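*Asks:* Under full-length UniProt numbering, the letters of the sequence shown match residues 1 to 150, in that order. C-beta: ideal position from N, C-alpha, C; glycine also. No experiment lies behind these values; they were computed from the predicted model shown. Handing you this structure, nothing more for now.
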Amino acid sequence: MLHLVLFQPEIPQNTGNIARTAAALGWPLHLIRPLGFRLSDPRLKRAGLDYWPHVDLRLHDTWEAFWQSLPPGARVWAFSARGDTCLYGVSFQPGDYLLFGPETRGLPPEVLTLFPGVYIPMPGPVRSLNLAVAVGVAAYEAYRQLRVAL
1 MLHLVLFQPE IPQNTGNIAR TAAALGWPLH LIRPLGFRLS DPRLKRAGLD YWPHVDLRLH
61 DTWEAFWQSL PPGARVWAFS ARGDTCLYGV SFQPGDYLLF GPETRGLPPE VLTLFPGVYI
121 PMPGPVRSLN LAVAVGVAAY EAYRQLRVAL
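So this is what it looks like as structure tokens:
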């Protein structure tokens with residue numbers, strides 16, 4: 001099991017889609033406040049469809065609260081277009097946390113300096129992927145690695 005972590009997500013539809021991915025994999029989804037929407041937002045609920053009962057949703061009021069919730073020795077991978085390590089060069093392990101920043105600004109520098117930065121290769125002319133797509137790509141690469149290792 002791994003953990004999906006969204007730092008201050010802004011778009012409810014992206015978060016709803018990511019919740020579906022978390023439910024599909026059976027992984028917890030951590031949301032770090034402030035959120036750019038209410039948890040009662042119909043767009044969030046619609047994107048997650050009827051899978052919400054299967055989402056292990058963990059809310060953290062602040063970055064510090066999330067930080068304090070990490071178990072000793074936890075490995076956190078900070079996904080960013082400014083990362084130094086390609087997604088396909090990371091060897092994921094059970095218990096890892098995959099951390100993603102908000103849609104409009106990504107992870108702040110003070111967070112990026114704490115963890116290894118991972119980027120998803122984009123050989124085309126775009127600067128970044130949609131957050132839900134990026135989480136899906138990273139999550140299923142981690143899942144693939146862990147399934148092969150079993």
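What would DSSP say about Trp27, mapped onto helix, strand or coil?
*Replies:* The answer is coil: DSSP assigns Trp27 none of H, G, I, E or B.
*Asks:* Helix, strand or coil: which one does DSSP assign to Leu129?
*Replies:* It is coil, neither helix nor strand.
*Asks:* Can you give me the C-alpha to C-alpha distance between Gly95 and Trp77, rounded to a whole angstrom?
*Replies:* Roughly 11 Å separates the two Cα atoms.
*Asks:* Using CA coordinates, which residue listed in Ala47, Leu49, Pro108 and Ala65 is at the minimum distance from Ala81?
*Replies:* Considering only alpha carbons, the answer is Pro108.
*Asks:* Whose CA, out of Trp52, Lys45 and Pro72, lies closest to the CA of residue 210?
*Replies:* There is no way to answer for residue 210, as the model of the chain reaches only from 1 to 150.
*Asks:* By a C-beta neighbour count over all protein chains shown, 10 Å radius and 16 as the cutoff for buried, is Tyr97 buried or exposed?
*Replies:* That one is buried.
*Asks:* Quick one: any contact between the stretch 8-24 and the stretch 86-95, if contact means 3 or more CB pairs under 8 Å?
*Replies:* The stretch 8-24 vs the stretch 86-95: no contact.
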